[in-house]
Amino acid sequence: MTGARILFSSIRKVYRRDVALSSFSLAIEAGEFVTLLGPSGSGKTTALNILAGFTAASGGTLGVDGKSILDLPPEKREIGMVFQGYSLFPHMTVAQNVAFPLALRRVAKSEIARRVGEALEMVRLGSFGARMPNELSGGQRQRVAFARAVVFRPRVLLMDEPLGALDLKLREAMQLEIKRYHAELGCTVIFVTHDQGEALALSDRIAVMTDGEIAQVGTPAEIYDRPDSQYVAEFVGRINVFPGQRRPGNRIEIPDLGLTAALPDTVAGAAAETVNMCVRPEDVEIVGPADASGMLACDATVEEAYFLGDTVSYSVALAAGRRITVEHQRRASTPIMPAGSRLRLGIRMSSAHYFPAV
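Written out as structure tokens, the structure is:
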């Protein structure tokens, strides 16, 4: 099975006065795993449903391998889909559920039996064909839904929040399974989620969405390490924000840190007088008196500590009153600092991001 190339071009969707998608454009290469990531109402599921044929676009073009599909009904698009709620037929066995797309396509019974067997073996449920859906765990039902979505060998697979109903351990296990399925099948996958961890772990590329538009497209590392906007930086990962004021000579003054620094070229030309400096919690370290080489040193007071196993997340107050978050890698022998503890921080300025305040 090989994937198909998908091209959304200026796709719009309007519900009366509400704009669900505004000029949505995205090229997805054959065999690529692309995640649409965003909060509720950002338009990610609308884009997926337009591709599946469940929702009509209000404008724009949509092509698969260079051919327009907007006028095709869902059953003619040959696209597989996995839903959060599994959507298994409760009165059918596992094998009958998986066979359903093939029966609709009038595939010969002998071929159906062979393909169903292959699909169930792929999801490691080869001996579960005679069971009913209510006899399965949540993870097993999700794997049956996946087998049903790929049994007819679609070149495009859509997954709409497929892990949202699973507990944390099962979600992590299913992420590994999905990566394995994608490697085996080679189809093009479009995955919808609001979970940044899923997006970072699974994707070749991520399209971060907001208000019916794409805010940024890039690899997981590009999105996390080089966000184009404060919205992307805050939505993907956590961020500490330090408000600053533009000063002559393309410099920024950050009162909370008692610092004046040069603005990068990406922000220097912006018109905004207020510019925010953003630093991820892992780029703020707890240091000793002589350990802040190459970093901006400052004093802080612990306000709260959150034990997370291998790390401790500290909420600390700087001398100027700004509260920030510090992620501290923990060893078994390292005590957790209580509220009121004084500590020295080193901020890795080379990892800072600067964005015009909005």
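Those letters in the sequence shown? Residues 44 to 401, per the numbering used here, in order.
Quick reminder that beta carbons are idealized off the backbone N, C-alpha and C, glycines included.
The model shown is predicted, which means the values in this text are computed figures rather than measured ones.
Within 10 Å of its beta-carbon, does residue i have 16 or more other beta-carbons around it, so buried, or fewer, so exposed?
| i | result |
| --- | --- |
| residue 83 | exposed |
| residue 134 | exposed |
| residue 342 | exposed |
| residue 185 | buried |
| residue 241 | buried |
| residue 59 | exposed |
| residue 236 | buried |
| residue 128 | exposed |
| residue 144 | buried |
| residue 292 | exposed |
| residue 378 | exposed |
| residue 8 | The chain is shown only over 44 to 401; residue 8 falls outside these bounds and no answer can be derived. |
| residue 278 | buried |
| residue 63 | buried |
Since residue i and residue j are thought to touch, with beta carbons under 8 Å apart, how far apart are those beta carbons, to the nearest angstrom?
| i | j | result |
| --- | --- | --- |
| residue 383 | residue 345 | 7 Å |
| residue 55 | residue 103 | 6 Å |
| residue 203 | residue 88 | 6 Å |
| residue 221 | residue 91 | Actually they do not touch by this definition, with Cβ atoms about 16 Å apart. |
| residue 140 | residue 174 | So it is not a contact: roughly 10 Å between Cβ atoms. |
| residue 149 | residue 195 | The Cβ separation is near 12 Å, so there is no contact. |
| residue 74 | residue 45 | 7 Å |
Beta carbon of residue i, beta carbon of residue j: below 8 Å?
| i | j | result |
| --- | --- | --- |
| residue 306 | residue 294 | yes |
| residue 95 | residue 231 | no |
| residue 124 | residue 201 | yes |
| residue 250 | residue 79 | yes |
| residue 76 | residue 51 | no |
| residue 338 | residue 297 | no |
| residue 354 | residue 373 | yes |
| residue 259 | residue 272 | yes |
| residue 245 | residue 327 | no |
| residue 207 | residue 239 | no |
| residue 197 | residue 121 | yes |
| residue 380 | residue 340 | no |
| residue 193 | residue 162 | yes |
| residue 179 | residue 166 | no |
| residue 270 | residue 243 | no |
Can you tell me which of the three DSSP states residue i falls into?
| i | result |
| --- | --- |
| residue 182 | helix |
| residue 98 | coil |
| residue 343 | strand |
| residue 389 | strand |
| residue 227 | helix |
| residue 369 | strand |
| residue 214 | helix |
| residue 404 | Since the first and last residues shown for the chain are 44 and 401, residue 404 lies out of range. |
| residue 303 | strand |
| residue 153 | helix |
| residue 354 | strand |
| residue 91 | helix |
| residue 146 | helix |
| residue 329 | strand |
| residue 294 | strand |
| residue 201 | strand |
| residue 133 | coil |
| residue 194 | coil |
| residue 394 | helix |
| residue 363 | coil |
| residue 286 | strand |
| residue 408 | Here the chain has residues from 44 to 401 only, and residue 408 is not among them. |
| residue 63 | strand |
| residue 163 | helix |
| residue 127 | coil |
| residue 324 | helix |
| residue 122 | strand |
Closest to residue i by C-alpha separation, out of the options, would be which residue?
| i | options | result |
| --- | --- | --- |
| residue 189 | 164, 173, 170 | 164 |
| residue 182 | 269, 198, 211, 145 | 211 |
| residue 317 | 251, 284, 110, 91 | 284 |
| residue 169 | 159, 393, 175, 239 | 159 |
| residue 138 | 368, 387, 172, 130 | 172 |
| residue 392 | 354, 336, 359 | 336 |
| residue 118 | 108, 131, 97 | 97 |
| residue 352 | 67, 89, 370 | 370 |
| residue 324 | 395, 375, 140 | 395 |
| residue 112 | 93, 69, 127 | 93 |
| residue 247 | 236, 261, 385, 322 | 261 |
| residue 364 | 319, 381, 300, 348 | 300 |
| residue 386 | 399, 360, 398 | 360 |
| residue 320 | 356, 400, 156, 265 | 400 |
| residue 61 | 70, 101, 71, 376 | 101 |
| residue 257 | 398, 65, 105 | 65 |
| residue 268 | 215, 322, 252 | 322 |
| residue 309 | 274, 397, 376 | 397 |
| residue 49 | 57, 132, 105 | 105 |
| residue 274 | 216, 215, 265, 252 | 252 |
| residue 368 | 156, 72, 110, 282 | 282 |
Any beta carbon from chain D within less than 8 Å of residue i's own beta carbon?
| i | result |
| --- | --- |
| residue 276 | Looking at the structure shown, chain D is missing, and only one protein chain is on hand. |
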